[in-house]
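Reviewing the structure listed below.
In this note's numbering, the protein residues as written are -18 to 230.
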């Protein structure tokens, strides 16, 4: 089966996230998209909502489409999450994790859990890929599965007007973005080469995914006691019922 890992803060998960997951599943013929809230972002100070709440909201979102699944694979590293999430979270989950979650470690755990022969893609925003130089062990995320790496390929969701050439600046030193572009339907593909001239994980770009919503604007709307657009009604109700985002730190 073809799996895609779609990680992020999801603070909160909104309809833009759902749209990206649906489009990726359709265009890349994915059997399962795993939407995984991160316990603690290495590049952020903290998340506004506790992990357990983000996991429950993401479950509501994933229920909207077959093939989407909320995953706890990226849960806080210093606390155990009840698998059912049917009971109130333990105290450690009420606050931020003290240890950051690194994507390369999460994917290694996920790869160990997947069936033998499964293919694994990493789904991310193209803007997020531009921060790759700040990620932990970025080279490991560019090694193809056939050479012992974790990934089959990247899937990058890009806003209208995103320039493919800008991806070169995000690659580690010595890595090159190939000149040739393969276009299959609405998917643009560019190969990546390492400093030894070996093929790395390709980059599949999903262009023109216009997403006007941002989690920051949504949180600010709730802090002002205003209606927030671009949310699933069930997620809006969950936020209100649990008093999330009333005060922003």
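Positions of the beta carbon are idealized from the N, C-alpha and C atoms, including for glycine.
Under the three-state DSSP convention, the category residue i falls into
i	result
residue 75	Confidence at residue 75 is low in this model, with a pLDDT of 43, below 50, so its placement is unreliable and the value that follows should be read with caution. Reduced to three states, the DSSP call for residue 75 is helix.
residue -9	coil
residue 53	coil
residue 30	coil
residue 149	helix
residue 134	strand
residue 112	coil
residue 165	strand
residue 41	helix
residue 125	strand
residue 171	strand
residue 35	helix
residue 107	helix
residue 62	Here the model assigns residue 62 a pLDDT of 45, short of 50, so the residue's position is not dependable, and the following value carries that caveat. Three-state result, residue 62: coil.
residue -18	coil
residue 230	Interpretation of residue 230 is limited by its pLDDT of 48, a score under 50 that renders its predicted location unreliable; the figure taken from the coordinates is listed afterwards. Residue 230 falls in the coil class under three-state DSSP.
Proximity below 7 Å, CB of residue i to CB of residue j
i	j	result
residue 17	residue -12	yes
residue 81	residue 120	no
residue 49	residue 105	no
residue 158	residue 140	no
residue 135	residue 184	yes
residue -16	residue 126	no
residue -10	residue 44	no
residue 38	residue 156	no
residue -14	residue 15	yes
residue -1	residue 215	no
residue 54	residue 91	yes
residue 137	residue 88	no
residue 151	residue 113	yes
For residue j and residue i, believed in contact at Cβ under 8 Å, the rounded distance
i	j	result
residue 225	residue -5	The pair is not a contact, with the Cβ atoms about 13 Å apart (cut-off 8 Å).
residue 85	residue 118	5 Å
residue 181	residue 168	Not confirmed; about 18 Å, so no contact.
residue 57	residue 32	5 Å
residue 122	residue 132	6 Å
residue 217	residue 209	7 Å
residue 12	residue -18	4 Å
residue 204	residue 221	No, residue 204 and residue 221 are not in contact; Cβ-Cβ is about 13 Å, not under 8 Å.
residue 10	residue 166	At roughly 11 Å, the Cβ-Cβ gap does not stay under 8 Å, so residue 10 and residue 166 are not in contact.
Extent of the continuous alpha helix (DSSP H) to which residue i belongs
i	result
residue 216	214 to 223
residue 3	-4 to 8
residue 88	84 to 94
Unbroken beta strand (DSSP E) run spanning residue i, endpoints
i	result
residue 13	13 to 18
| In chain order, which alpha helix (DSSP H) runs of at least 4 residues are fully inside the region 180 to 214? | 196 to 204
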